[in-house]
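Peer 1: Before anything else, here's the structure in question.
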Amino acid sequence: MAIEIKNAASESDAVEVARACARNNLLKCAIFGGDPNWGRVLAAVGTARVHLNPLDIDVTLNGVQVAKSSAPFEDRNKVSFENRLVTIEVDLKVGSSSATVFTNDLSHDYVHENSAYAT
Numbered sequence: 001m002a003i004e005i006k007n008a009a010s011e012s013d014a015v016e017v018a019r020a021c022a023r024n025n026l027l028k029c030a031i032f033g034g035d036p037n038w039g040r041v042l043a044a045v046g047t048a049r050v051h052l053n054p055l056d057i058d059v060t061l062n063g064v065q066v067a068k069s070s071a072p073f074e075d076r077n078k079v080s081f082e083n084r085l086v087t088i089e090v091d092l093k094v095g096s097s098s099a100t101v102f103t104n105d106l107s108h109d110y111v112h113e114n115s116a117y118a119t
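Here is the structure:
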């Protein structure tokens, strides 16, 4: 997954929001399950301690803008998850800084591999 944060107040804010999304297991599960759930994206964004307007965020999944100003926009069923790389774009609309973070989804194999041994 590529998580692209645009128009943040600062580069550090953009990185923090991208990392908040990258750490969010519910978001990762939605992506693995092929669920274009923009609400999960906004929930992950909301965990970051940065300046933003929670009522004015745009979310685009694989090129389809599914949320505009934190409300439904295009039909989320238009989002295709056929490509291995999923791109999540978040426009915070509070500045001009950006950042991209790459992470994995939360697949069955990932969970199995990381739960198959004791530490």
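In case it helps, UniProt numbering puts the sequence shown at residues 1 to 119.
C-beta: ideal position from N, C-alpha, C; glycine also.
(1) Nearest CA to the CA of R19: which residue from V64, V50 and A30?
(2) What is the rounded straight-line gap between the Cα of M1 and the Cα of N104?
(3) Excluding the five sequence neighbours on either side, which residues of its own chain have a C-beta within less than 6 Å of the C-beta of T60, listed in chain order?
(4) Residues in its own chain within less than 6 Å of F102 by CB, not counting five upstream and five downstream?
(5) If you follow the beta strand (DSSP E) that K6 is in, where does it begin and where does it stop?
(6) Check E74 in the structure and name its three-state DSSP category.
(7) Please look up how many angstroms separate the CB atoms of L42 and I57, rounded, as I've assumed it's under 8 Å.
(8) For N37, count neighbouring Cβ atoms within 10 angstroms of its own Cβ and tell me buried if that reaches 16, exposed if not.
Peer 2: Taking the coordinates as given:
(1) Comparing C-alpha distances from R19 to each of V64, V50 and A30 shows the shortest one belongs to V50.
(2) Going by the C-alpha atoms only, they are around 6 Å apart.
(3) Answer for T60: E89, listed in chain order.
(4) Answer for F102: A2, listed in chain order.
(5) Where K6 is concerned, the enclosing beta strand (DSSP E) stretches over A2 to A8.
(6) E74 carries a coil assignment under DSSP once its states are collapsed to helix, strand and coil.
(7) With a Cβ gap of about 6 Å, L42 and I57 count as contacting.
(8) The Cβ neighbour count for N37, taken over all protein chains shown within 10 Å, is at least 16; the residue is labelled buried.
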